[in-house]
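Protein chains in written order, with the UniProt record's numbering: chain A, 1 to 89; chain B, 1 to 330; chain C, 1 to 505. Note that beta-carbon positions come from the ideal geometry of N, C-alpha and C, so glycine has one too.
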Amino acid sequence: MSTVFIALQANEETRPIIEAIEIDNPQAVVNREPAMVKIDAPDRLVIRRETIEEQIGRAFDLQELQINLITLSGNVSEDEDTLSLTWNS
Amino acid sequence: MQIDLRTVSIKPLRNTFDHLARRFGDKPASRYQEGSYDIQAAENLHYRPTWDPDQQLYDTGITRIVMADWYALKDPRQFYYSTYTLARARQQDTAEANFAFVDSRGLAGMLPDELREIALKLLVPLRHAAWGANQNNTLICGYGYATVFTQPCMYQAMDNLGIAQYLSRLGLLLGDTEALEAGKEAWLHGAAWQPLRRYVEDTLVLRDPFELFVAQNVALDGLLYPLVYESIVDDWMSARGASAVAMLTQFMSDWYGETRKWVDAVLKTAAAESEHNRAVLREWISAWSARAAAALVPVAELALGTEADDAVGEQVAALSARVAKTGISL
Amino acid sequence: MDMKTEKKTLNLKERYRLLTRDLGWEPSYRSADEVFPYVKYEGIKVHDWGKWEDPFRLTMDAYWKYQAEKERKFYAIVDAHAQNNGHLNITDARYLSALKLFLQAISPGEYAAGKGFARVGREFPGVGTQVACQMQALDEIRHAQTQIHALSNYNKYYDGFHAFADARDRIWYTSVARSFFDDAMSAGPFEFMIAIGFSFEYVLTNLLFVPFMSGAAYNGDMATVTFGFSAQSDEARHMTLGLECIKFMLEQDPDNLPIVQGWIDKWFWRGFRVLGLVSTMMDYMLPKRVMSWREAWEIYGVENGGALFRDLARYGVRPPKGWDDAEKAIDHMSHQIMLGLYQWSFGTSFHSWIPSDDDMEWLAKKYPTTFDKYYRPRWNHIKKLAAAGTPFKNFGLAKLCQCCQLPVVFTEPDDPTLLCNRETVYEGEKYHFCSDGCQQVFENEPEKYVQAWLPMPQLFQMFDGDVAAWMDWVSLRDGHDNGDYDGSRDQQNFQQWRGLATSNQ
Numbered sequence: 001m002s003t004v005f006i007a008l009q010a011n012e013e014t015r016p017i018i019e020a021i022e023i024d025n026p027q028a029v030v031n032r033e034p035a036m037v038k039i040d041a042p043d044r045l046v047i048r049r050e051t052i053e054e055q056i057g058r059a060f061d062l063q064e065l066q067i068n069l070i071t072l073s074g075n076v077s078e079d080e081d082t083l084s085l086t087w088n089s
Numbered sequence: 001m002q003i004d005l006r007t008v009s010i011k012p013l014r015n016t017f018d019h020l021a022r023r024f025g026d027k028p029a030s031r032y033q034e035g036s037y038d039i040q041a042a043e044n045l046h047y048r049p050t051w052d053p054d055q056q057l058y059d060t061g062i063t064r065i066v067m068a069d070w071y072a073l074k075d076p077r078q079f080y081y082s083t084y085t086l087a088r089a090r091q092q093d094t095a096e097a098n099f100a101f102v103d104s105r106g107l108a109g110m111l112p113d114e115l116r117e118i119a120l121k122l123l124v125p126l127r128h129a130a131w132g133a134n135q136n137n138t139l140i141c142g143y144g145y146a147t148v149f150t151q152p153c154m155y156q157a158m159d160n161l162g163i164a165q166y167l168s169r170l171g172l173l174l175g176d177t178e179a180l181e182a183g184k185e186a187w188l189h190g191a192a193w194q195p196l197r198r199y200v201e202d203t204l205v206l207r208d209p210f211e212l213f214v215a216q217n218v219a220l221d222g223l224l225y226p227l228v229y230e231s232i233v234d235d236w237m238s239a240r241g242a243s244a245v246a247m248l249t250q251f252m253s254d255w256y257g258e259t260r261k262w263v264d265a266v267l268k269t270a271a272a273e274s275e276h277n278r279a280v281l282r283e284w285i286s287a288w289s290a291r292a293a294a295a296l297v298p299v300a301e302l303a304l305g306t307e308a309d310d311a312v313g314e315q316v317a318a319l320s321a322r323v324a325k326t327g328i329s330l
Numbered sequence: 001m002d003m004k005t006e007k008k009t010l011n012l013k014e015r016y017r018l019l020t021r022d023l024g025w026e027p028s029y030r031s032a033d034e035v036f037p038y039v040k041y042e043g044i045k046v047h048d049w050g051k052w053e054d055p056f057r058l059t060m061d062a063y064w065k066y067q068a069e070k071e072r073k074f075y076a077i078v079d080a081h082a083q084n085n086g087h088l089n090i091t092d093a094r095y096l097s098a099l100k101l102f103l104q105a106i107s108p109g110e111y112a113a114g115k116g117f118a119r120v121g122r123e124f125p126g127v128g129t130q131v132a133c134q135m136q137a138l139d140e141i142r143h144a145q146t147q148i149h150a151l152s153n154y155n156k157y158y159d160g161f162h163a164f165a166d167a168r169d170r171i172w173y174t175s176v177a178r179s180f181f182d183d184a185m186s187a188g189p190f191e192f193m194i195a196i197g198f199s200f201e202y203v204l205t206n207l208l209f210v211p212f213m214s215g216a217a218y219n220g221d222m223a224t225v226t227f228g229f230s231a232q233s234d235e236a237r238h239m240t241l242g243l244e245c246i247k248f249m250l251e252q253d254p255d256n257l258p259i260v261q262g263w264i265d266k267w268f269w270r271g272f273r274v275l276g277l278v279s280t281m282m283d284y285m286l287p288k289r290v291m292s293w294r295e296a297w298e299i300y301g302v303e304n305g306g307a308l309f310r311d312l313a314r315y316g317v318r319p320p321k322g323w324d325d326a327e328k329a330i331d332h333m334s335h336q337i338m339l340g341l342y343q344w345s346f347g348t349s350f351h352s353w354i355p356s357d358d359d360m361e362w363l364a365k366k367y368p369t370t371f372d373k374y375y376r377p378r379w380n381h382i383k384k385l386a387a388a389g390t391p392f393k394n395f396g397l398a399k400l401c402q403c404c405q406l407p408v409v410f411t412e413p414d415d416p417t418l419l420c421n422r423e424t425v426y427e428g429e430k431y432h433f434c435s436d437g438c439q440q441v442f443e444n445e446p447e448k449y450v451q452a453w454l455p456m457p458q459l460f461q462m463f464d465g466d467v468a469a470w471m472d473w474v475s476l477r478d479g480h481d482n483g484d485y486d487g488s489r490d491q492q493n494f495q496q497w498r499g500l501a502t503s504n505q
């Protein structure tokens, strides 16, 4: 098992995004650190546009993640609907 | 305990960094100055490049232009990353609104067929020329000397890419993916485009960053932008009922109006430095602008037909006058 | 007249292909070798640049839009920080040593990386690769500038920041970072990508930025938190570029594996040594510490690096050669470097200090197997000398490693009581190294590393040992910028200004 992670700045814009990530990744662990939220998951983490849109009540472009992204780990695969992080382990 | 730090009035120990105080005097520096002057390593470079051991890592000797201080080549727009990005983001908002307007009102569909054809034939292959410009400005940024000169080249390179992408979107909007395929085919094999492609490929092998600056930003773009976006799109096509096309190229017109001021300032400062520089610049500008003019005639013919010669001639005269104002008479 | 026609719907990938990758063409008036002259000499074989996978498919419109938003946020905070005396919010002015070191050694590296990425953004023949590198070039200019802008206000009130541009080229410890970036830039385009894009960005910047910026948050420094996290948001793109690039090289030809593996070995070790400075910032320079260097290494080195190399194993890549030696050094390096900085503090444009009793308790807890045994006794000895009015100063020249340029202060991987010192004779000249890792880097390319500019001998060659003249040359103001924090002008001013803020005097 390898850990993938994504870290986002802790602010009002990322709060619903983090909630969406928790909904889509029940195995994920959310670590709240100063000014930063780091989400770890075993081998795979998926971020879904639709889930975020349900949380924020407006259209969301996954590339908006760029604004508050701090770091990530894993192979990135992105299309309109999902951004996934994976390790082959 | 909440400390109200605003109420504390303390005197700073100093106004600015030493290297800026040496250049501009002991006073607070602008963010442009802080972000642009002397931030490139200058001394005690460790290793010679393995890709060309005759060069140093940062080398003033790879161009024929000689400057006592390369930091003299100030950008009059004083663009550093933030001001650059904010300026382009605003322009991008306008461009986006223009594309949306043309699309949502079906203005593309209302274009006379003949004019749409001309717009596609003329503008879509230019996205490849803009990619060439991107390559060249990236090279100038990479190998040129001093941040005040090189950072605007990186901004210019990204603008060139942005323009190539706007032209691609224009192609998609007016003629879908087939328009891009046809445009590339014309760029690669169409007779009208071969002199220009040859010009671009000949600039891609230049390794003197300043000559490249002249060949790309002065000679080619100094003729191409006013010819294509001002004379042909804004005037000639709009007069014939294709102002929708001008909406889609507004970014390019505005961009050229802004960036030429920077290009002129660079020329002016370099020419004022010495007779040697002036002579080299004159030689480069004459040679490259003559070639660029010749390469643009068949391109202009796609829209203007037999009037193309005159239209290019006007631009050559205008460029000559523009360059004369920088102290270089051709 | 035409009706509005139905357009094909393009997905993100296809749209990006048309808007970016389709812009390039095979030159025919000039040869590809003329246009891309540096892409073959390193021996990396690429058969099809079309196989390049774009990590983030950002077109310029999106780039401008999102980056502008980041910039607006960043400068709003930096302006507020300057207007409200935000510098008085930090826990203690000792903390600033970390920022001084950062501005002198790391920010110039960001700028150099920008230059390097502009070069490779032109030299690679694949459009997708070029554009990703160009965006990174632009981002790196951003990082250098936002760092200078964020720290500019500190420069107005505190010593040690004012001559960062001079320090970058002349003072001794900055050449650790400078030689690293010079080394990468003087390499070919593929090696540069492994050096900066992969080793530095992917394997190491998390260690640099994330714990360090969390440390800034713990210590009340909002300006630094902001530039750190704002820069790091671009890093996510950069790291992904580095990873894609290494996968691309490995997938293109099996012959690339040994070359790439050699670079991974080299650049891991080079990067690890640069991060030695960060270990010291984390363990010693933060008045309020967020995690130890050891803890950060566990998360971002062991766990994250481990995952990465397990993933890359499918290409036949093994973890870097120096990995085990690195692991053995983790519990020692921050102490060894801080002891070195303290004894040579006459020549640093930042302050160092003897850790307090509280600090030593914390260090003992975080380093249970090493601190009390090896380092507390040395600090206690130094403390005694200081109390007796004879502070420990080493005016002798530090012997620098010919490769990483750190003073030779590290111990043998398997014997923490024995100083590690390696020597190689090349063309009749003797060269010194701090470790097997550094010695191997040299021996693989001696003709390169003999060129290294070593700042310490300069003191003798140029100034005949005249320390005052040397200080002048490196723009170091003796008595203000250097020496012990205890009794420094920074300490006095900070206490006085804080006093003004918290009382009615």
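Residues of chain C with CB closer than 8 angstroms to the CB of B/GLN156, please, in chain order. Under the 8 angstroms cutoff, chain C gives no residues; its nearest Cβ is about 11 angstroms from B/GLN156.
Cutoff 6 angstroms; reference C/MET338; Cβ partners in own chain excluding five residues on either side: THR280, TYR284
Chain-order list of residues whose beta-carbon lies under 7 angstroms from that of C/ILE90 (same chain, five-residue window excluded): ASN219, GLY220, ASP221
Runs of 3 residues minimum, wholly inside the region 337 to 407 of chain C: which ones carry the beta strand (DSSP E) assignment? Secondary structure within the region 337 to 407 of chain C: not one fully enclosed beta strand (DSSP E) run of 3 or more consecutive residues is present.
Spatial distance of C/MET1 from B/ILE118 (CA atoms): Summary for C/MET1: the model assigns pLDDT 38, below 50, so the residue's position carries little reliability, and this model does not support an answer.
Does C/SER179 get closer than 8 angstroms to chain B when you measure Cβ to Cβ? yes
Which residue from C/TRP52, C/LEU12, C/ARG378 puts its Cα closest to that of C/LEU243? If we check each option's Cα against that of C/LEU243, C/TRP52 comes out closest.
Among A/ARG32, A/LEU62, A/LEU8, A/ALA35, which residue has its Cα nearest to the Cα of C/PHE56? A/LEU62
Integer-rounded CB distance, given that B/LEU161 should sit under 8 angstroms from C/MET60: Confirmed, about 5 angstroms.
Looking at C-beta atoms only, is the number of pairs between the region 13 to 26 of chain A and the region 43 to 60 of chain A that lie closer than 8 angstroms three or more? yes
Flag C/ALA223 as yes if its beta-carbon sits less than 8 angstroms from any beta-carbon of chain B, otherwise no. Output row for C/ALA223: interface = no.
6 angstroms Cβ shell around C/MET3 - same chain, five flanking residues per side excluded: Unreliable placement is indicated for C/MET3, whose pLDDT of 43 sits below 50; no coordinate value is reported for it.
Own chain residues within Cβ distance below 6 angstroms of B/VAL233, not counting five before or after: VAL245, ALA246, THR249
How far does the beta strand (DSSP E) with A/ASN31 in it extend, from its first residue to its last? 29 to 33
State yes or no: is the beta carbon of B/PRO12 nearer than 8 angstroms to at least one beta carbon in chain C? yes
Own chain residues within Cβ distance below 6 angstroms of C/VAL278, not counting five before or after: LEU208
List the residues of chain C whose Cβ lies closer than 8 angstroms to the Cβ of B/LYS184, in chain order. ASP22, TRP25
Any chain C beta carbon closer than 8 angstroms to A/SER84: no
Which runs of the alpha helix (DSSP H) spanning at least 4 residues fall entirely within the region 12 to 48 of chain B, listed in chain order? 18 to 24, 31 to 36
How would you write the range of the beta strand (DSSP E) that C/ASN89 sits in, first residue to last? Neither: C/ASN89 is in no beta strand (DSSP E) and is coded neither H nor E.
Spatial neighbours of C/THR226 in its chain, beta-carbon cut-off 6 angstroms, leaving aside the 5 residues before and after: Excluding residues within five positions, the ones whose Cβ falls inside 6 angstroms are PHE74, ILE77.
Reference C/ASN440; option with closest CA among C/LYS70, C/THR129, C/GLY262, C/TRP49: The sequence as given places Gln at residue 440 of chain C; Asn does not occur at that position. If we check each option's Cα against that of C/GLN440, C/GLY262 comes out closest.
So within the region 430 to 497 of chain C, which uninterrupted alpha helix (DSSP H) runs reach at least 4 residues, ignoring any that extend past its ends? 436 to 444, 446 to 449, 455 to 463, 467 to 473
Ignore the nearest five residues each way along the sequence and tell me which others in B/SER36's own chain have a CB closer than 7 angstroms to its CB. TYR80, THR147, VAL148, GLN151
C-alpha distance - B/GLU258 paired with B/GLY183, whole-angstrom precision: 28 angstroms
Does the distance from the CB of C/GLU110 to the CB of C/ALA68 come in under 8 angstroms? No, the Cβ-Cβ distance between C/GLU110 and C/ALA68 is not below 8 angstroms.
What's the C-alpha gap between B/ALA179 and C/LEU18? Answer to the nearest angstrom: the Cα atoms are 11 angstroms apart.
Rounding to the nearest angstrom, what Cα-Cα distance links C/GLY86 and C/ALA80 in this structure? 8 angstroms
Coil, strand or helix - C/MET3 by DSSP: Because the pLDDT at C/MET3 is just 43, under 50, the model does not fix this residue reliably, and the value given afterwards should be weighed accordingly. Reduced to three states, the DSSP call for C/MET3 is coil.
Name the one or two DSSP bridge partners that A/THR3 has. Paired residues: A/PRO42.
Tell me the rounded alpha-carbon separation between C/ALA82 and B/PRO28. 13 angstroms
Does the CB of B/ASP309 have a neighbour CB from chain C at under 8 angstroms? no
How far does the alpha helix (DSSP H) with A/SER84 in it reach, from first residue to last? Run containing A/SER84: none in the alpha helix (DSSP H); it sits in the beta strand (DSSP E), 82 to 86.
What residue from C/PHE309, C/GLU34, C/LEU99 has the CA that sits closest to C/TRP323's CA? Selected option, being the one with the closest Cα: C/PHE309.
Helix, strand or coil at B/GLN55 [DSSP, three-state]: coil
For A/MET36, name the three-state secondary structure that DSSP assigns. strand
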